[in-house]
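Undergrad:
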Amino acid sequence: MLGSLSWFSTATEVIGIWKLFPPKSFLHFRFDWHWSMSTTLPLFWPLSSASTDERLDASVKLINGLQQFQDSKAAAPAESDASEDDSDEDEDKGDSTKKLNEDLNSEDVKYALRRLIRGLASPRESSRLGFSVALTELLARLNTVDAAGIVSSILEASVTSNAMKGQEIRDTLFARLFGLTAVIQSDLLFRTSRLTTSLSAPNESGPPASTLAAFQTAITELINLGEKKSWLRESSWWSISLALKYLYSTQGLEWKDEAIEWMAETIYRGDQAKEWTPEKLALTLAFQELVPNQSWKDILAPTFRNQALVSSPNLPAIARILKETDNTEEPDVKNTSGGAFKVQLHSAWATILEAIKDGKSKASFAEFYRVCVDESLFAANSSPERKSWGFQVFERALTTMPPEEYQYLFTPNFMRTWINHLSAPDRHLHKAAKKAASDIVKAVERNPSIGFSLVTHLQGAHGNQQFDRITRTKTIETILASTDIEGVKKYTTSLVNQLRESAASDTEPSEQDSKRRYVFEQLAALMRNGSIPKDDEWIKSVLELFILHGLFTVTKKNKNSEITSLHHVTKPPLSDALRSTCQSKLFTILGDLCSQTKVVKGESGESTRMTSSATDGELWITKAAKIVETLEQDSTHVSPLAETDEDIIDLRTRARKVLKAIRKKQRADDDASRGTELLISALLLETYNAEDDSADSLESCLDATEKLFNLSKKSKTAEEDEHSAIDLLIDVIIGILEKSSAFGKSVAVQAFGLLSGSVENSTIDLILLQLEQRDINEEEEEEEEDNEAAEAVEEMAEAEEDENEDEDGDNEDEDEDNDSDSDSEGDSVDEDAEIEVDPEFRKQVAEALRVNGMAAAEDEDSGSDSEDEVLLDDDQMMQLDEQLAKVFRAHTGNSKEKKGAQREATHFKIRILDLVDTFLSKQPQSPYAPRVILPLVNIVVSAGPDERQLSEKTTGILRARIGKSKDVPTSGSDKEATLEDLRNLHELARKTPIPELSACGIYLSKVLQGGPQVLEVYRASIEDFARRKNSKLPPAFLKDFVLRQTSHAWELREHIVGQATPGVAINVYRQMQLWQLLQTLLSQVSPLCQDASVVDQLFSFIPLIRDPLYKSLSAACEQTDHSANAAQVKELLKIGLQAVRLSRKTARPTDSISSAWDSSAFEKVKEQLANSERFKGSPAIQSLARQLSSLLAPPTGENASVNKKRKETTGEVTINGAESEPRKKRKKVKKQKTNKTATNDD
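Numbering follows full-length UniProt numbering, in which position 724 of the sequence shown is assigned residue number 724; successive positions increment by one, without gaps.
(1) Do GLN1076 and VAL1042 come within 8 Å of each other at the CB atom, strictly closer than that value?
(2) By DSSP, does PRO927 sit in helix, in strand, or in coil?
(3) Is LEU639 helix, strand or coil when you go by DSSP?
(4) Counting only runs of 4+ residues fully inside the stretch 154-212, write out the alpha helix (DSSP H) ranges in chain order.
(5) Pull up the distance between the alpha-carbon of LEU950 and that of PRO384, whole angstroms please.
(6) So THR181 and SER230 are supposed to be a Cβ contact under 8 Å. How far apart are they, rounded?
(7) Where does the unbroken beta strand (DSSP E) through THR581 begin, and where does it stop?
(8) If distances are taken between C-alpha atoms only, which option among THR763, ALA682, LEU755 and LEU729 comes closest to ALA742?
(9) Threshold first: 4 residues or longer. Then list the alpha helix (DSSP H) segments lying entirely within the stretch 1011-1090, N to C.
(10) Give the secondary structure of LYS953 by DSSP, where H, G and I count as helix, E and B as strand, and everything else as coil.
(11) Taking 8 Å as the cut-off, decide whether the C-beta atoms of HIS462 and THR411 are in contact.
(12) What first and last residue would you give for the beta strand (DSSP E) that runs through THR553?
(13) Tell me whether the stretch 931-945 and the stretch 970-988 touch, counting them as touching only if at least three CB pairs, one residue from each stretch, are closer than 8 Å.
(14) Report the CB separation of ILE621 from LEU590 in whole angstroms; it is logged as a contact under 8 Å.
(15) Just tell me which of VAL488, GLN498 and GLY550 has its CA closest to the CA of MET527.
(16) Relative to the alpha-carbon of ILE356, which residue among SER241, SER312, SER388 and VAL1068 has its alpha-carbon at the smallest distance?
(17) Taking C-beta to C-beta, are SER595 and SER449 nearer than 8 Å?
(18) For the alpha helix (DSSP H) that contains GLN770, what are its first and last residues?
(19) Rounded to the nearest angstrom, what separates SER59 and GLU234 at their Cα positions?
(20) Measure the CB-CB distance between SER921 and ARG959 and report whether it falls below 8 Å.
(21) GLU598 bridges to which residues according to DSSP?
(22) Exposed or buried, LYS1130, counting other C-beta atoms within 10 Å across all chains shown (16 or more means buried)?
(23) By a C-beta neighbour count over all protein chains shown, 10 Å radius and 16 as the cutoff for buried, is GLY270 buried or exposed?
(24) Is LEU997 helix, strand or coil by DSSP?
(25) If you reduce the DSSP assignment to three classes, tell me which class TRP255 lands in.
(26) With a threshold of 16 other CB atoms inside 10 Å of the CB of GLY179, please say whether the residue is buried or exposed.
(27) Quick check on the DSSP output: the alpha helix (DSSP H) that includes TYR111 runs from which residue to which?
(28) Quick check: the Cα distance between PHE378 and SER361, rounded to an integer number of angstroms?
(29) Following the continuous alpha helix (DSSP H) through VAL747, name the residue where it begins and the one where it ends.
(30) Give every residue of the same chain whose Cβ lies closer than 8 Å to the Cβ of VAL145, excluding the five residues on either side of it in the sequence, and list them in chain order.
(31) Would you tell me roughly how many angstroms separate the C-alpha atoms of VAL554 and GLY757, rounded to the nearest one?
(32) Classify ILE649 as buried or exposed, calling it buried when 16 or more other Cβ atoms lie within 10 Å of its own Cβ.
(33) Go ahead and pull the three-state DSSP assignment for GLY94.
(34) Where does LEU711 sit, in a helix, a strand or coil, going by DSSP?
(35) Would you call the CB atoms of residue 1245 and PHE368 closer than 8 Å?
(36) Tell me whether the beta-carbon of ALA1065 lies closer than 8 Å to the beta-carbon of ALA1026.
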């Protein structure tokens, strides 16, 4: 089994190589090759490389090198004569046809022949490939060797013995197979020329290079190989077939006819006569093509009835042979599997398919596939292994046969097997079935025009109309995505025809509904799939179908109607459930169309991208509304599903008038009019949905639209003028979002995006109001809940009164016994009082107990028992239990409703956030944009565990729209309100460490353009961070401001260094964070130093840095709770180095670095660090101190130029704030030392 698999991978590459490089093709290679020919030994090793390119390159170099050696030997006559003498002696020892004519070959060629032949048995990876290719090309070039001698050498080098291990035997047998195949492919076995007897006289001819005996030996050995090992049979017979083709194509071969007769006799009349295998079948097919004059009728009988092998009468026998199964009733069919199943498909299948494709057979592909594949490999009693072959034949046919033959592939047994194994992943052949599906998709990608044809077969008689559903795949959907628009239209037509087909009389209504539902689901899936090609005509036809069956019913067909769906009447009519499904799908499709973007060409020819529109620029919802209006006017042929009130009809009429008025005033770039048109059309369509009460919303929308575009002639009242038109429209949009509909959400978001340019300050208030935290328990809902529990208590009280009338006085003797029970019950009530319970629920339970005489006395301090209490019997207790159960059930139901209401409120806020996101993306420079930041931040801060999704969506908006925003409003915004929001934002940042607060603060500071009040807010935050122990302000909050607002942060330099002074910050950690903040500021200020005023500020700022820095270093030398440790001292020194370098870089001729930094004061600090018990043992601290001291030292000459200073500074390298030698020189020295060391080690 393993050997067979290895051979297939090997043979495939060999065949591929020889198709690219046939024998003698290497002679045409030309290389710019300068290679020493002293030896060829280094070239044998790359022949075993796993890389094909490396093997071919080594083969070319080896063959060219050997050719040069052979040519050089021919140029030396003396050596050649000596070789002739030696040759005479060798001939006396044995037959020259059985040995290599070694004296005519150079030593390198002799060695190469021996090594290449022996190397075929090497177990190294890819060795057989490289050695066989090199041997084939070498034999093709040499005219000093004969076929008999080479075949004899190969056979001698591949002899097996009983002492060999299994792997060694396999390698040896493969060596014989590859060697004999190399002799065949090199054309040496069929060479008509004669051997060269002398290299000095190439015209002198010797014995023939090939003989019939050598040919017979090679073929016999190949047949024996196949008989010896079943896994070598296919490969051996492939080589025999190759030899037959070479033999037939060779012209002038004396023994050609004898060889052909011998092959026919050996294969068909000898021991092989009665055994038919797939290998023999493939060979016979080639034999018949090459030698048609043979008596094939006698040869093929009695196994085959017709002398044309691939013909209709012979197909059953061919099917049995190709199936490779043992059958006692078929003695002439031999099982070649050898007991081990081969996964790979036999090469005979490819040969037969090619013959059918080229028209060389008398059987059609449809007949061959039906008999040999469908009724054989896919038969019901066939094994899974044979069915796997069937799937491979199917895949091979898809790549081999022309597309017009694909229709014959989907046969009954194949479709049954394919659907069964494709539908469940635990089936044996699930992977094979999936691969078949993917190959079908690839075939459609190669030829999109066949997509519809394949889909019809998958859903045809042998398939299933619900193929994707039962197989749990998207095969048909994927095929349609790869097909062209014409194929999609054809498929749609076929689906609609299935909808119109009349059901049989005995068909169950549920079955008919299931088929029709699948049609609507498929059409909806096509609409929603963005990868499927669509055009406006097709989309409109689908909308017409859904509108007709979802909102109307056809009473009579109208062939003259422009709506094609009216040309037929569906019988029997659709059920109410199916019409409801159709209506739901309609609004889902319209919602998806609202989100799609199309490229629309204007009147001037310019292309623009528009959302929710067709190619002509008209909104899809507007088109749908027009279709509805057209159907509504055709009352003769259609009627609406639901009866409509007069006020709704009047409202629709008014809506259509407003839409016409809007379109008259609409301009190409008028987004507000398009937004209102979208909104009105959507609400107009929803009035046809009986389950959706949108009449009030439509009326409000019409009022607002008339007000916005001045369409109404009525006088405006004070109440109407209270709210702006845009606010009323946005309120309608918010009302749509409350309904939790996918269609409503799509319409609302798209309409708001178009209207976002017209929003006002009050509009933002309206939107933000929806995001506020408020109690979800409305008063009306609470009253309803209380009424349910109260009704249960009243029923219980009435029943108790009726029973108490008959039981007065019966329980007087038991009152004393019940006193203790009442007391204990009162105690339990007192214990329960400690648990927090809903007061209204407690009141209801207490009322239930009181009316049954089981409640404790109201005055517990009196100590007297209630004489009105009675003892309940079993029936009364059962009744009490039932009534109490009602109270508790009502309470439990109320709790669930509250949780559901809370969840719905959260989802509503998420939908409102879509409006906020749309506003920030469409109007980034709106003056109202800063107003939404603080409410969004409050949502993130106050979100509970049940509002995680709300918090994540809000965070995403802050990151995408605020943190990455490049455009900010610079005018028109309310500065005071924005400043107050900034203060509140900083207050939150000091209490809650949320990363997004930093970006929000920077955004607001950009809006305020970094004024003095903004700096005051940041000063307060810096001071809070430094001095308040419980401050949670993250250092990144301040660092981001420094990095992104450096020019404004520079104004805070003195405040930062003031808070970093020892003793000011609450602890050393906060102090070091402030020093690092200052370091960040200094690293960013270099570009600002182009301004002379900034340089003046820098040198004025140096003393303010110097004194706290020196003080901090001096304080660190003493061991206290607030002194810096070694790591912190190193950071301080690095910060000092950075500041000194900045001052040296920006210094002017009049500036003195040593005086500005008071070098004498630092020398004292340096001395303290050197004498400190804490730091004198730290080389890093002492080195940094020395570097800083050298930078502060005054120049040697008084008149040193600034250019010289800067040149010295340029030569210094800073690594993490520390100075070192010039980096390039140090690296070169280290590299040289490393190389020397490596050399010495070697």
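Ideal Cβ positions, reconstructed from N, Cα and C, are used throughout, including at glycine.
Predicted model, so just to flag it, every value in this text is computed and none were measured.
TA: In short:
(1) Position 1042 of the sequence shown holds residue 1042. Position 1076 of the sequence shown holds residue 1076. For VAL1042 and GLN1076, no; Cβs fall outside 8 Å.
(2) Locating residue 927 in the sequence shown gives position 927, counting from the first residue. Residue state, collapsed to three classes: coil.
(3) To locate residue 639, count along the sequence shown from 1; it is residue 639. Note that residue 639 is Ser in the sequence shown here, rather than Leu. It is a strand residue.
(4) Here the runs fully enclosed are 166-185.
(5) As a first step, residue 950 is located in the sequence shown; it is residue number 950 there, counting from the start. As a first step, residue 384 is located in the sequence shown; it is residue number 384 there, counting from the start. In a straight line, the C-alpha of LEU950 is about 52 Å away from that of PRO384.
(6) Position 181 of the sequence shown, counted from the start, is the residue given in the question as residue 181. Position 230 of the sequence shown, counted from the start, is the residue given in the question as residue 230. Rounded, the Cβ-Cβ distance is 18 Å, inconsistent with contact.
(7) Taking the sequence shown and counting its residues from 1, the one referred to as residue 581 is at position 581. Membership of THR581 in any beta strand (DSSP E) is not indicated; the residue belongs instead to the alpha helix (DSSP H) covering 576-595.
(8) Position 742 of the sequence shown, counted from the start, is the residue given in the question as residue 742. Of THR763, ALA682, LEU755 and LEU729, the residue nearest in Cα terms is ALA682.
(9) 1012-1027, 1035-1044, 1046-1049, 1053-1059 and 1068-1084
(10) Position 953 of the sequence shown, counted from the start, is the residue given in the question as residue 953. Helix at LYS953.
(11) Locating residue 462 in the sequence shown gives position 462, where the first residue counts as 1. Locating residue 411 in the sequence shown gives position 411, where the first residue counts as 1. Yes. Within cutoff.
(12) As a position in the sequence shown, residue 553 is number 553, starting the count at 1. Counting along the chain, the beta strand (DSSP E) containing THR553 begins and ends at 552-554.
(13) Touching, yes.
(14) The residue labelled residue 621 in the question sits at position 621 within the sequence shown. The residue labelled residue 590 in the question sits at position 590 within the sequence shown. At roughly 6 Å, the Cβ-Cβ gap stays under 8 Å, so ILE621 and LEU590 are in contact.
(15) Position 527 of the sequence shown, counting from 1, holds the residue named residue 527. MET527 has its Cα closest to that of VAL488, out of VAL488, GLN498 and GLY550.
(16) Looking up residue 356 in the sequence shown gives position 356. Each of SER241, SER312, SER388 and VAL1068 was checked against the Cα of ILE356, and the nearest Cα belongs to SER312.
(17) By 1-based counting over the sequence shown, the position of residue 595 is 595. By 1-based counting over the sequence shown, the position of residue 449 is 449. Contact flag unset, no.
(18) For this step, residue 770 is matched to residue 770 along the sequence shown. Per DSSP, GLN770 belongs to the alpha helix (DSSP H) from 761-770.
(19) Within the sequence shown, numbered from 1, the residue matching residue 59 stands at position 59. Within the sequence shown, numbered from 1, the residue matching residue 234 stands at position 234. So the two alpha carbons sit approximately 27 Å from each other.
(20) Stepping through the sequence shown from its first residue, residue 921 is reached at position 921. Stepping through the sequence shown from its first residue, residue 959 is reached at position 959. Contact flag unset, no.
(21) As a first step, residue 598 must be located in the sequence shown, where it is residue number 598. Checking the sequence, you will find Lys at residue 598 rather than Glu. DSSP, once it has assigned bridges, lists MET610 as partnering LYS598.
(22) For the purposes of this step, residue 1130 is taken as the residue at position 1130 of the sequence shown. That one is buried.
(23) By one-based count along the sequence shown, residue 270 stands at place 270. Classification of GLY270: exposed, given that the 10 Å Cβ count is below 16.
(24) What you label residue 997 is simply residue 997 of the sequence shown in a count that begins at 1. DSSP places LEU997 in helix when its eight states are reduced to three.
(25) Within the sequence shown, the letter at position 255 stands for residue 255. Coil at TRP255, not helix or strand.
(26) One-based indexing of the sequence shown puts residue 179 at position 179. When all chains shown are included, GLY179 counts as buried.
(27) For the purposes of this step, residue 111 is taken as the residue at position 111 of the sequence shown. First-last of the alpha helix (DSSP H) with TYR111: 107-119.
(28) Along the sequence shown, one-based indexing puts residue 378 at 378. Along the sequence shown, one-based indexing puts residue 361 at 361. Going from the Cα of PHE378 to the Cα of SER361 covers about 23 Å.
(29) For the purposes of this step, residue 747 is identified with residue 747 of the sequence shown, where counting begins at 1. Segment 742-755, the alpha helix (DSSP H) holding VAL747.
(30) Along the sequence shown, read from residue 1 onward, the residue named residue 145 stands at position 145. If we look at VAL145 and ignore the five residues flanking it on each side, its Cβ neighbours are LEU100, ASN101, ASN105, LEU113, LEU139, LEU188, LEU195 and ALA209.
(31) One-based indexing of the sequence shown puts residue 554 at position 554. One-based indexing of the sequence shown puts residue 757 at position 757. Between VAL554 and GLY757, the C-alpha separation is close to 44 Å.
(32) As a working mapping, residue 649 is identified with position 649 in the sequence shown. Counting Cβ neighbours within 10 Å, ILE649 comes out exposed, since fewer than 16 surround it.
(33) As a first step, residue 94 must be located in the sequence shown, where it is residue number 94. Because GLY94 carries a pLDDT of 41, less than 50, the predicted location of this residue cannot be relied on, and no value is offered for it.
(34) The sequence position of residue 711 within the sequence shown is 711, counting from 1. LEU711 falls in the coil class under three-state DSSP.
(35) Residue 1245 lies beyond the residue range present for the chain, which begins at 1 and ends at 1242; the question has no answer from this structure.
(36) As a position in the sequence shown, residue 1065 is number 1065, starting the count at 1. As a position in the sequence shown, residue 1026 is number 1026, starting the count at 1. For ALA1065 and ALA1026, yes; Cβs fall inside 8 Å.
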